[in-house]
Structures are given as structure tokens and as C-alpha cells.
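Structure, as C-alpha cells:
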Amino acid sequence: MAERLKLSASSRSWGGKGRARRMRQQGLIPGVVYGRGMDSIPVVVAERDLSQLFQLTDYESELIDLRVDDGDPMDVLVKETQFDHIGERLLHIDFFRITRGEKLDVEVPIVVLGTAEGVKMGGILQNNMRAVKIRCLPKDLIHELRIDVSALGVGDSIHIRDLNVPDTIEILEEPQRTVVTVLAKKVEEKAPEEEAPEEEAATEAKEPVTE
9 MAERLKLSAS
19 SRSWGGKGRA
29 RRMRQQGLIP
39 GVVYGRGMDS
49 IPVVVAERDL
59 SQLFQLTDYE
69 SELIDLRVDD
79 GDPMDVLVKE
89 TQFDHIGERL
99 LHIDFFRITR
109 GEKLDVEVPI
119 VVLGTAEGVK
129 MGGILQNNMR
139 AVKIRCLPKD
149 LIHELRIDVS
159 ALGVGDSIHI
169 RDLNVPDTIE
179 ILEEPQRTVV
189 TVLAKKVEEK
199 APEEEAPEEE
209 AATEAKEPVT
219 E
């Protein structure tokens, strides 16, 4: 099992947009920690410390040890992030504290493995779902759900009901939802060439030639 990511944060007082902007100019990202049975804690986290987190494609399902000031580490998940209009600069981050022994709902990405037989025959693999919502205890949390599509022929599909997950994990999606399917490649039909009507051609042939 990979070592859990550790982050340190400092508590701060609530402030307006101007104060938050000054924090970001100093390399600090404002955020908040909240959870069941606790008061929300406004915090700041060093932007450089968050770079390791955002290198993970599945960071929203990554359990993090977050220490605020000199307190004990808390189990948290990234609940929400706000970026600038370009989508490059992080403006704000929300952490949700996990209560041990209590199940949580998390969306995890779907990873497709293999090349479908139908694709080898000219078909097209269509991904209908990029992520799936699950419910489990923090200790049973998975970072991704892998599905092997190698055996799929043209017209075959994998539905939610076909997914294999441990008994400790509940999938919160409709069983009949299609995850992936192999479509037949469309064949473009050539439009038939237009031919002159027979009557029109015959009429033109009978027209006398005038001198």
C-alpha cells in the first residue's frame, strides 16, 4: 500500500477577496476544513506543498493526513477546488474531514485496460462513464476502478452490474448503466450520380436544327 500523502496547514482568520489575493501572492492557498460534528476551520496551505497532490490524477479520492498548526493529523479528502478562469492557478481548496468507522461517498475514476476484440476488427470503443460513485469505509477506499475490455466484440457492452468490486464497496449507480460499449464503424454511402430523365433526353434529341 502506498504511503499516504501528508500536508501541513496553518489556521487563519476569515477574510475577504483582497486578503485571499494577498495570500496567493505570497504562495499560500486559502482553504477550509470541515466535517461532521466540527466547526469549520479556515486554513492556508503552501502552494508548493499542494503540487505533489495535484500530480495525482485521482487526487479527489486520495486520503490525506492533514495537520493544522500543532494539532493531531486528520484524515481528509479534497472536497472542492476553485481555479482561475484559465484553469491553471488554484484559488481555494476545501478539505472534508473523515470520521473513522463512518462510510463515505466518493467518485473514483474508471481505468480501461486492454484492447477490445471488436476494436481490432474495426469497431470503436465508446466510453460512456469516466468515473463511478462508490460508498465504503475509509480503510477500504480505492483510487480507481479498472475494467478489462479485451473480450468485447462489436456490439458488446459492460454495464455497472458487470463490475467486480470487493464486498466492502457499494456502487452507487444504476445497475443497467452502460460503462463502455464497442460500436460498429459507420460505412459512408456514396450518393448516386444524378442522371437526366429519359423523357428530357428524348425531347432534346427530337428538336430540329434551325438554320
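Numbers in the working numbering are just positions in the sequence shown, counted from 1, shifted up by 8. Idealized CB from N, CA, C, for every residue including glycine.
Helix, strand or coil at residue i according to DSSP, with G and I counted as helix
i: P81; result: coil
i: E115; result: strand
i: H93; result: coil
i: A28; result: helix
i: E219; result: Here the model assigns E219 a pLDDT of 48, short of 50, so the residue's position is not dependable, and the following value carries that caveat. E219 falls in the coil class under three-state DSSP.
i: M9; result: Caution is warranted here: a pLDDT of 47 is assigned to M9, below 50, making its placement in the model unreliable, and the coordinate value is therefore given only provisionally. DSSP places M9 in coil when its eight states are reduced to three.
i: G43; result: strand
Neighbourhood of residue i by C-beta, 8 Å cutoff - its chain only, sequence neighbours within 5 removed
i: L57; result: Strictly speaking, residue 57 in this sequence is Asp, with Leu absent from that position. Taken in chain order, the residues that qualify are L15, S16.
i: I94; result: none
i: S158; result: L121, G122, T123, A124, E125
i: D148; result: P174, T176, I177
i: E55; result: R32, G35, L36, I37, L98
Exposure of residue i, with buried meaning 16 or more beta-carbon neighbours within 10 Å
i: G43; result: buried
i: P38; result: buried
i: F91; result: exposed
i: L180; result: exposed
i: D80; result: exposed
i: L64; result: exposed
i: V83; result: Checking the sequence shown, residue 83 turns out to be Asp, not Val. Counting Cβ neighbours within 10 Å, D83 comes out buried, since at least 16 surround it.
i: M9; result: Low per-residue confidence applies at M9: pLDDT is 47, beneath 50, and the placement is therefore not dependable, though the value from the model is reported in the following sentence. Exposed, by the Cβ-count rule.
Other residues of its chain near residue i: CB distance less than 6 Å, five sequence neighbours each side excluded
i: E152; result: D66, V116, P117, V119
i: A28; result: P38
i: V183; result: Looking at the sequence shown, residue 183 is not Val but Pro. I168, R169.
i: L229; result: No answer is possible for residue 229: the residues shown for the chain start at 9 and end at 219.
i: T186; result: N136, S165, H167
i: D156; result: L121, G122
Own chain residues within Cβ distance below 7 Å of residue i, not counting five before or after
i: G161; result: E125, G126, V190
i: K193; result: G130, G131, I132
i: V51; result: A17, S18, S19, R20, G39, V40, V41, V76
i: Q60; result: L13
### Query
Are the stretch 101-119 and the stretch 133-153 touching by the rule of at least three beta carbon pairs closer than 8 Å?
Yes, they touch.
### Query
Do the stretch 20-40 and the stretch 70-77 make contact, defined as three or more Cβ pairs closer than 8 Å?
no
### Task
Could you pull out every unbroken alpha helix (DSSP H) segment of at least 4 residues lying fully inside the stretch 52-79, listed in chain order?
55-62
### Task
Only counting runs of 4 or more residues, tell me where the alpha helix (DSSP H) segments fall wholly within the stretch 100-176, in order along the chain.
Taking only runs of at least 4 residues, the alpha helix (DSSP H) segments lying wholly in the stretch 100-176 are 125-128.
### Query
So does the stretch 160-177 actually touch the stretch 96-109, counting three or more Cβ pairs closer than 8 Å?
no
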